[in-house]
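All remarks here apply to the structure that follows.
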Amino acid sequence: MKSSRQILGLPVMSIEEGLQIGEANHLVLNQRGAVDFLLIKDRMWYLGLKTVPFNTVQGFGENALTVAASSTLIPVQDNSQAVELLEKDFHLNGLKVISNKGKILGAISEYYFDETTGDITGCQIIPNDSESPAGIIPRKYILSFGLDYLVVEDGVESKLVSELEVTVEAAPPAGYKRVETEDTTEAPKTKSASADKQDDDKQPVKALKHFEDQQRQYLLGKKVTMRILADDGDIIAEEGQSITVEMIEKAVAANKYVQLTLNVRE
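Residue 127 in this note's numbering sits at position 140 of the sequence shown; the count goes up by one each step and never skips.
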């Protein structure tokens, strides 16, 4: 069992080549309550993020994620399933929690998932009247994963836990369907091939830009928790500074954007 924060920022290693081929940047969730893909930032980040289907990750280690080979990385624009999920913009951290009786209980500050199935196993909640987490909501008390609210059973406040039970070979929930990677060797459709390709190209680029724009909007105004330096020693951000558009652009230019996103607070 892993938390999202344990994964983001980890190096991604190719077993076949023995190389670091990228860094985990984002977990792409579905509304069934599972991780379907990981977004990876590789050395050619300026060409766009890559995706890795969850079921192709061979190991979620303490120091790295492992995949079979660098060919596992798929450009976002070539992964229609990931694009569809990114367009829906479903996320958990920051999502409000409401009971099935209509009482708002707080907001999600962290979530946990099973490394085998990708299923969300629990969500950490910060109550409305607190700045600290009160505990973890186990999956069995979660009724639905919505775009605006996480809906839970009434009275879940008394059922919070400090740690989730680790189960061996946890079975996927009813209706869970593992993401299947698309066969890239499939022959192109004959119907308006050039026009279809133009439409297909526009859709993922738009979705990726939407995701990147939202990520930047989220960062603006947050406080930096450590000094961030460019490789030449130039100061990108000082600890305690508020993040600005100029700071983000400077971090991107110096290839320190991921480091910036991982070292912020409210």
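Beta carbons: idealized from backbone N, C-alpha and C, even for Gly. It should be emphasised that the depicted structure is a prediction, and the values quoted were computed from it without experimental measurement.
Burial state of residue i (16 or more Cβ within 10 Å)
| i | result |
| --- | --- |
| Gly220 | exposed |
| Gln18 | exposed |
| Leu206 | buried |
| Met234 | buried |
| Thr212 | exposed |
| Asn50 | exposed |
| Glu236 | exposed |
| Glu156 | Here Glu156 scores only 42 on pLDDT, less than 50, and its place in the model is too uncertain to base an answer on. |
Where the beta strand (DSSP E) through residue i begins and ends
| i | result |
| --- | --- |
| Ile85 | 83 to 86 |
| Ile27 | 21 to 28 |
| Leu16 | 6 to 17 |
| Ile91 | 91 to 100 |
| Ile2 | Neither: Ile2 is in no beta strand (DSSP E) and is coded neither H nor E. |
| Thr53 | 52 to 54 |
| Gln(-7) | Taken as a continuous stretch (DSSP letters only), Gln(-7) belongs to no beta strand (DSSP E), being part of the alpha helix (DSSP H) at -9 to -6. |
| Leu38 | It is worth fixing the name first, because residue 38 is Thr in this sequence and not Leu. Its beta strand (DSSP E) spans residues 37 to 40. |
Whether residue i touches residue j by CB criterion (9 Å)
| i | j | result |
| --- | --- | --- |
| Leu137 | Leu79 | yes |
| Met(-12) | Leu147 | no |
| Leu(-3) | Leu14 | no |
| Tyr99 | Ile107 | yes |
| Ala69 | Thr38 | yes |
| Pro120 | Glu144 | no |
Enclosing alpha helix (DSSP H) for residue i [first to last residue]
| i | result |
| --- | --- |
| Gln68 | 67 to 75 |
| Ile235 | 232 to 240 |
Residue i Cβ short of 8 Å to the ligand MN heavy atom set
| i | result |
| --- | --- |
| Leu52 | Ligands displayed in this structure: none; no statement on the ligand MN is therefore possible. |
Would you check if there are 3 or more beta carbon pairs closer than 8 Å linking the stretch 118 to 138 to the stretch 90 to 99? With three or more CB-CB distances shorter than 8 Å, the stretch 118 to 138 counts as touching the stretch 90 to 99.
Just list the beta strand (DSSP E) runs in the stretch 106 to 151, keeping only unbroken ones of 3 residues or longer that don't cross its boundaries, in chain order. Complete beta strand (DSSP E) runs here, min 3: 107 to 114, 122 to 125, 129 to 132, 136 to 139.
The stretch 5 to 25 in contact with the stretch 43 to 60 per 3-pair CB rule at 8 Å: yes
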